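Read through the structure below, which is laid out as structure tokens, and then see the notes.
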DNA sequence: AAAAGGCCCTGGTCGC
DNA sequence: TGCGACCAGGGCCTTT
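In the working numbering, the protein residues as written are 42 to 310.
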């Protein structure tokens, strides 16, 4: 699933293909993706020049001449540039561009969403307004204030986009592993110093993933720009700990698969 | 009010 | 081989 680093890569790659191109038409095969009234969305978007592409957390923002719309890829959303109008089963939204190419939003599970926002103020409008800072600009003291009385497991808190934005299930597992912290550890067990380390570890892991994406994806693959699952995972989906060779435990937290090493991330009583 | 649970979706995998 | 059951899960909504 695309998390902050994957969306960053999609943004950087896609930018080269669509900025300064005009949306001349749009075809919507699966309307539920678009949260606005469909006609309203079409009226707002068709005829508009794409002036920029931005990212906040896991959200992608298409900045147009007079408006903007926010896109969340959720689990399997992808953007493809097609040079011929040969659309496939899961191409749900197709933007016709003025150079004759097609920007297609492809999403097998149909979980992704798009919603109109404001060109100048999208960061202060829903859904972006409720997001916390990205780890890169998070103040550890503020994060500490948010979690230091909480009984909620730290892994769950890392997934709370209102505390810090951009971390999904894969990186939450990786961050806990890098910290040597048990994912079930309640937020209130972390000292300020530990929270500082947590923010730092989050930055480091996300930055490394972005760097890998930046060097590995220069153009569209046959499958579209869908992120960097080649990122070397230390614990997520792993069977054996890369450090101590213990068997990696898999359990659910907040309904999400949680991987951890019982020895390197020992539970403290 | 906070927290837990359900929902949306399809393709892949598993067991029989 | 066929087929049903189950799993993956981000964010939003409903229920407790």
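Glycine included, each C-beta is placed from N, C-alpha and C at the ideal position.
Please read all numbers here as calculations on a predicted model, not as lab measurements.
DSSP three-state assignment for residue i, whether helix, strand or coil
i           : result
residue 192 : coil
residue 293 : strand
residue 284 : coil
residue 62  : coil
residue 304 : coil
residue 115 : coil
residue 97  : strand
residue 267 : Per-residue confidence for residue 267 stands at a pLDDT of 46, beneath the threshold of 50, marking its modelled position as unreliable; no derived number is given.
residue 82  : helix
residue 87  : coil
residue 260 : With a pLDDT of 47 at residue 260, under the threshold of 50, the modelled position of this residue cannot be trusted; read the value that follows with caution. It is coil, neither helix nor strand.
Where residue i falls, given that 16 or more other Cβ within 10 Å makes a residue buried
i           : result
residue 106 : exposed
residue 50  : buried
residue 116 : exposed
residue 263 : For residue 263, the predicted structure reports a pLDDT of 42, less than 50, and the residue's modelled location is therefore unreliable. The matter cannot be settled from this model.
residue 141 : exposed
residue 148 : buried
residue 231 : buried
residue 178 : exposed
residue 219 : buried
residue 203 : exposed
Member of the options whose CA lies at the smallest distance from the CA of residue i
i           : options               : result
residue 64  : 78, 88 and 43         : 88
residue 296 : 93, 73, 215 and 200   : 200
residue 198 : 182, 102, 180 and 228 : 228
residue 169 : 306, 303 and 96       : 96
residue 273 : 304, 287, 246 and 285 : 246
residue 157 : 180, 77, 123 and 204  : 77
residue 185 : 279, 164 and 235      : 235
residue 94  : 86, 283, 54 and 138   : 54
residue 90  : 62, 281, 244 and 301  : 62
residue 69  : 81, 136, 58 and 167   : 136
residue 162 : 104, 303 and 82       : 104
Whether residue i touches residue j by CB criterion (7 Å)
i           : j           : result
residue 196 : residue 294 : yes
residue 176 : residue 224 : no
residue 173 : residue 113 : no
residue 120 : residue 111 : no
residue 133 : residue 146 : yes
residue 226 : residue 160 : no
residue 242 : residue 216 : yes
residue 284 : residue 305 : yes
residue 211 : residue 286 : no
residue 22  : residue 118 : Summary: the structure shown does not reach residue 22, with the chain confined to residues 42 through 310, and so no result is reported for it.
residue 59  : residue 123 : no
residue 102 : residue 155 : no
residue 254 : residue 44  : no
residue 300 : residue 291 : yes
heavy atom of the ligand FAD below 6 Å from residue i C-beta
i           : result
residue 150 : Although the ligand FAD was asked about, the structure shown includes no ligands whatsoever.
Next item on the list: Can you check the region 132-178 for any beta strand (DSSP E) of at least 3 residues that lies completely inside it and give the ranges in chain order?
Entry: Taking only runs of at least 3 residues, the beta strand (DSSP E) segments lying wholly in the region 132-178 are 132-138, 143-147 and 154-158.
Item checked: Every unbroken beta strand (DSSP E) inside the region 205-250 [3 residues or more] -> The DSSP assignment places no complete beta strand (DSSP E) segment of no fewer than 3 residues inside the region 205-250.
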